[in-house]
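Everything on this sheet refers to the single structure shown next.
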Amino acid sequence: MIEIRELRRDFGGIRALAGVDLRVEAGERRAVIGPNGAGKTTLFNVLTGELPATGGTMRLGGTNLDSLTTWQRARLGLARMYQRNELFNPLSARENVLLSITSLGGAYRPLRSPTSAEVAGAEAVLAQVGLEGRGAVPARALSHGERRQLELALALARRPRVLLLDEPTAGMSPAETQRIAALIAALDRSLTLLIVEHDMDVVFRLADRLTVLHEGRAIAEGTPDEIRSDRQVHDVYLGKVVES
Amino acid sequence: MSRPALARAAIVAVAWLALATFPEWSQFWESSRFATGIIRQILIFAIFASSLDLLVGYAGLPSLGHAAFFGGGAYAAAIAAQRLGTDELVVSLGAGILGAALLALAVGFLAVRAVGIFFLMLTLALAQMVFAIAFQATDLTGGSNGFSAVHRPILFGIDFNAAGNLYLLVCVTFLLVLLLLWRITTSSYGRALVGVRENERRMRALGYDTRTLKLSAFVLAGAIAGVAGALSSYEFRFVSPNDVALSTSVTGFVMVLIGGAGTLFGPVLGAAVVLLIERVLPSQLPAQTVLGIVFILFVVFARQGIAGALRRMVRA
Ligand SMILES: Nc1ncnc2c1ncn2[C@@H]1O[C@H](COP(=O)(O)OP(=O)(O)O)[C@@H](O)[C@H]1O
Ligand SMILES: [Mg+2]
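Structure representation (structure tokens):
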């Protein structure tokens, strides 16, 4: 489903991505782990087209992405949850989700309100992420945990084929973390997931396979058990997570 | 229709009927004719200001060149009527709308590539180019002398030369344009424009081609400004470079901000305030200074404009 070859991205002298190879099968749930600054968010930004690549090539379900814009990639079924929320702050939670849903029906309906099916769809997605009854609340008035749930709802509402999740549990209380992890675990198995996450319990619970990113390179890949027993991974990442 | 919607529709209908019959019920007032003329001009500028509000208040595109489409529409209407030798409303109004829309397509194509203050500067600079063309293409526009003796149009044998008929034309057009803008801003498309204003990055990630979306709004707003421009050419029987000038763009912007951006009806009130200050204030008072002071007061004390202040009063 996702095929990345030799992907590079420089920021001036900084090599954020120094030739990343990554293959994710359809329906797979892949975690990308690694220390801060490893290039995980940059990988997502380049994959969605929000940052141009310095080199390398990307494919999504067989389609070459390299010359496509962000919105064209989204229409191929690529959706994302940002590490730092990107919401429509003054709009209600329901209107936030509606903007995601109505994008499927086309933006140019200047004389029509959202259909009742679209409104019902928005309610269903809000319920799916645990925001039932909160639809009328402006995004900016939601709690941090709820804003993360809404962030996920925006990505889910387009019924994507591939979903990128950038630290879905960042800044959440243990209870909220449990809730959102359960929510992600319950997603349709046909959805391909790429998850960046620091909470190793969540990672080992959700992921079929893991890729370890370090200084812009994928230094290891394998099942949760293989990664747990990998010495190099311990040295650059897991050891530190356990210590801290 | 739900009951609140029905009530709102009734209020709008009654208010509009009162407005449209103003010349009749005010005829025993000695200043009735003068007042009717002022109202016509207010409504024409209200169309202009609410079209700008679609950009400023909804799509978050602070255009400082909107007069290019107002004046462009006025020139297109007047020139088409003269060259084609017809007074048909459909021809001149159609030319005004089409001319303004094409101009907005050209300006917008370049301008929507920039954001924020750069968008503002770019619209200003491109509108100044339109101004220069209006000033220099003497054969077409009459240059600095302007384009005078514009004919008032006819439609189905109704001659809008008669002041009463012209007043009705302006009232009806005003109503249709505001209903259209209201429908557009509450539609899926209008919500998408608000989405672009609030978070363009997220909109792109949701699969919206935001650049084309912004361009479409720019052209739509330009076309409606062209309607106002055509009406203005009928009203004054005169089109001049002043109609495309920066000062007219600024006036539109001030109307939007005084009235309340993103409310559609606010800019209508803003147009009324500005024109009343400009046209009705005793001539001993410096109108531009008064307008400046009023504007500053709004910026400091009522950021949401008249519409925002009214809303707060209703809630309290
Ligand atoms: N927009 C940017 N401009 C300059 N440097 C950046 C930018 N984004 C990321 N970087 C740098 O690229 C490296 C990888 O960052 P990032 O992808 O955010 O890491 P991660 O998400 O794994 O913590 C870091 O050194 C970071 O400072
Ligand atoms: Mg990151």
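Same order as they appear, the protein sequences are chains R and W.
Going letter by letter, the first sequence gives residues 14 to 257 in the numbering used here.
Going letter by letter, the second sequence gives residues -4 to 311 in the numbering used here.
Heads up, the beta-carbon is just placed ideally off N, CA and C, and yes, glycines get one too.
- Query: ligand 1 heavy atoms versus the CB of P48(R): any closer than 8 Å?
  - Reply: For the purposes of this step, residue 48(R) is taken as residue 35 along the first sequence, with counting starting at 1. Yes - ligand 1 has a heavy atom lying nearer than 8 Å to the Cβ of P48(R).
- Is there at least one Cβ from chain W nearer than 9 Å to T54(R)'s Cβ? What you label residue 54(R) is simply residue 41 of the first sequence in a count that begins at 1. By this cut-off, T54(R) is not an interface position.
- Message: Less than 9 Å between CB atoms is the rule here; does F24(R) satisfy it with respect to chain W?
- Response: In the first sequence, counting from the first residue as 1, residue 24(R) sits at position 11. No - not a single Cβ of chain W is within 9 Å of the one on F24(R).
- Message: Taking only three categories from DSSP, how would you classify M71(R)?
- Response: As a first step, residue 71(R) is located in the first sequence; it is residue number 58 there, counting from the start. In this structure, M71(R) counts as strand in the three-state DSSP scheme.
- Message: One question on the structure: do L89(R) and T70(R) come within less than 9 Å of each other, judged by their Cβ atoms?
- Response: Residue 89(R) sits at position 76 when you count from the first residue of the first sequence. Residue 70(R) sits at position 57 when you count from the first residue of the first sequence. In this structure, T70(R) does not lie closer than 9 Å to L89(R) by Cβ.
- Message: For chain R, check one thing: does any of its Cβ atoms lie closer than 9 Å to the Cβ of N194(W)?
- Response: The residue you call residue 194(W) lines up with position 199 of the second sequence. It does: the Cβ of N194(W) has a partner Cβ on chain R nearer than 9 Å.
- With DSSP collapsed to three states, give me the class of T115(R). On the first sequence, residue 115(R) is found 102 positions in, with the first residue counted as 1. Helix at T115(R).
- Item | Contact list for D204(W) against chain R, beta-carbon separation under 7 Å | The count along the second sequence starts at 1 and reaches residue 204(W) at position 209. Those within 7 Å of D204(W) in chain R are W84.
- Quick one: Cα of F57(R) to Cα of A200(W), how far? Here the question's residue 57(R) lines up with position 44 in the first sequence. Here the question's residue 200(W) lines up with position 205 in the second sequence. Distance between the alpha carbons of F57(R) and A200(W): 12 Å.
- Cα-Cα, which of V275(W), A13(W), Q22(W), A216(W) is closest to L49(W)? As a working mapping, residue 49(W) is identified with position 54 in the second sequence. For L49(W), the nearest C-alpha among the options comes from A216(W).
- Give the secondary structure of H61(W) by DSSP, where H, G and I count as helix, E and B as strand, and everything else as coil. Indexing the second sequence from 1 puts residue 61(W) at position 66. Residue state, collapsed to three classes: coil.
- Query: Using a beta-carbon distance cut-off of less than 8 Å, what residues from the segment 171 to 202 of chain W approach chain R?
  - Reply: R178, I179, T181, S182, S183, Y184, G185, R186, A187, V189, G190, E193, N194, R196, R197, M198, R199, A200, L201, G202
- With 16 other Cβ atoms within 10 Å as the buried cut-off, status of E256(R): In the first sequence, counting from the first residue as 1, residue 256(R) sits at position 243. For E256(R), the predicted model reports a pLDDT of 46, less than 50, meaning its position is unreliable; a value from the coordinates is still stated below. E256(R) is exposed by the Cβ-count criterion.
- Message: If we define contact as Cβ-Cβ less than 9 Å, is L208(W) a contact residue for chain R?
- Response: Position 213 of the second sequence holds residue 208(W). Yes, because at least one Cβ of chain R sits closer than 9 Å to the Cβ of L208(W).
- Message: Under 9 Å, Cβ to Cβ, is there at least one residue of chain W near S105(R)?
- Response: Locating residue 105(R) in the first sequence gives position 92, where the first residue counts as 1. By this cut-off, S105(R) is not an interface position.
- Query: Who are the neighbours of T115(R) on chain W, taking C-beta pairs under 8 Å?
  - Reply: To locate residue 115(R), count along the first sequence from 1; it is residue 102. Neighbours of T115(R) on chain W, chain order: S183, R186, A187.
- Item | Option nearest G152(W) by Cα separation, candidates F43(W), E83(W), E230(W) | Within the second sequence, the letter at position 157 stands for residue 152(W). Ranking F43(W), E83(W), E230(W) by Cα distance to G152(W) puts E83(W) first.
- Task: Consult DSSP for T81(W) and reduce its assignment to one of helix, strand or coil.
- Result: Within the second sequence, residue 81(W) is the residue found at index 86, counting from 1. T81(W) falls in the coil class under three-state DSSP.
- How about L259(W): is its C-beta nearer than 9 Å to some C-beta of chain R? Position 264 of the second sequence holds residue 259(W). Not closer than 9 Å to any Cβ of chain R, the Cβ of L259(W) fails to qualify, so no.
- Outcome for I240(R) when other beta-carbon atoms lying within 10 angstroms are tallied against a minimum of 16: In the first sequence, residue 240(R) corresponds to position 227, counting from 1. By the Cβ-count criterion, I240(R) is buried, with 16 or more other Cβ atoms from all chains shown falling within 10 Å of its own Cβ.
- Message: By DSSP's criteria, A231(R) is part of a beta bridge. Which residues make up the other side?
- Response: Taking the first residue of the first sequence as 1, we reach residue 231(R) at position 218. In DSSP, A231(R) forms a bridge with L226(R).
- Mind checking Y121(R): buried by the 16 CB within 10 Å criterion, or exposed? What you label residue 121(R) is simply residue 108 of the first sequence in a count that begins at 1. Counting Cβ neighbours within 10 Å, Y121(R) comes out exposed, since fewer than 16 surround it.
- Taking F293(W) as part of the alpha helix (DSSP H), name the residues at either end of that continuous run. Residue 293(W) sits at position 298 when you count from the first residue of the second sequence. First-last of the alpha helix (DSSP H) with F293(W): 282 to 296.
- Item | Which of helix, strand or coil DSSP assigns to D179(R) | Indexing the first sequence from 1 puts residue 179(R) at position 166. The answer is strand: DSSP assigns D179(R) an E or B state.
- Query: Apart from the five residues on each side of it in sequence, which residues of its chain come closer than 8 Å, Cβ to Cβ, to T115(R)?
  - Reply: Sequence index remark: in the first sequence, residue 115(R) carries index 102 (1-based). These residues qualify, in order along the chain: R122, P127, E131.
- Query: Is it the case that the Cβ atoms of L163(R) and A152(R) are separated by a distance below 9 Å?
  - Reply: Position 150 of the first sequence holds residue 163(R). Position 139 of the first sequence holds residue 152(R). Yes, the pair counts as a contact, with Cβ atoms nearer than the cut-off.
- Segment contact flag, the segment 224 to 231 of chain W with the segment 60 to 73 of chain W, C-beta cutoff 8 Å, min 3 pairs: Because the criterion of three Cβ pairs below 8 Å is met, the segment 224 to 231 of chain W and the segment 60 to 73 of chain W touch.
- Message: To test your reading of the DSSP string, which unbroken beta strand (DSSP E) runs of 3 or more residues are found completely within the segment 47 to 110 of chain R?
- Response: 68 to 73, 91 to 94
- Task: Starting from the beta carbon of A87(R), find every residue of chain W whose beta carbon is closer than 9 Å, and list them in chain order.
- Result: As a first step, residue 87(R) is located in the first sequence; it is residue number 74 there, counting from the start. Those within 9 Å of A87(R) in chain W are R199, A200, L201, G202, Y203.
- Task: Report yes or no: is there a C-beta of chain A within less than 9 Å of the C-beta of P181(R)?
- Result: No chain A is present in this structure, whose protein chains are R and W.
- Item | Extent of the continuous beta strand (DSSP E) to which I32(R) belongs | By one-based count along the first sequence, residue 32(R) stands at place 19. Here the sequence assigns Gly to residue 32(R), which means Ile is not the residue at that position. Per DSSP, G32(R) belongs to the beta strand (DSSP E) from 27 to 37.
- Item | Integer-rounded CB distance, given that F17(W) should sit under 8 Å from I6(W) | Within the second sequence, the letter at position 11 stands for residue 6(W). Within the second sequence, the letter at position 22 stands for residue 17(W). With a contact defined as Cβ atoms closer than 8 Å, I6(W) and F17(W) miss out at about 17 Å.
- Item | Rounded separation between A144(W) and F126(W) - CA only | For the purposes of this step, residue 144(W) is taken as residue 149 along the second sequence, with counting starting at 1. For the purposes of this step, residue 126(W) is taken as residue 131 along the second sequence, with counting starting at 1. Whole-angstrom Cα-Cα distance: 21 Å.
- Per-residue DSSP class, three states only, for V246(R): Residue numbering aside, residue 246(R) sits at position 233 when the first sequence is read from its first letter. Helix at V246(R).
- Does the segment 147 to 162 of chain W come close enough to the segment 251 to 271 of chain W to have 3 or more Cβ pairs within less than 8 Å? no
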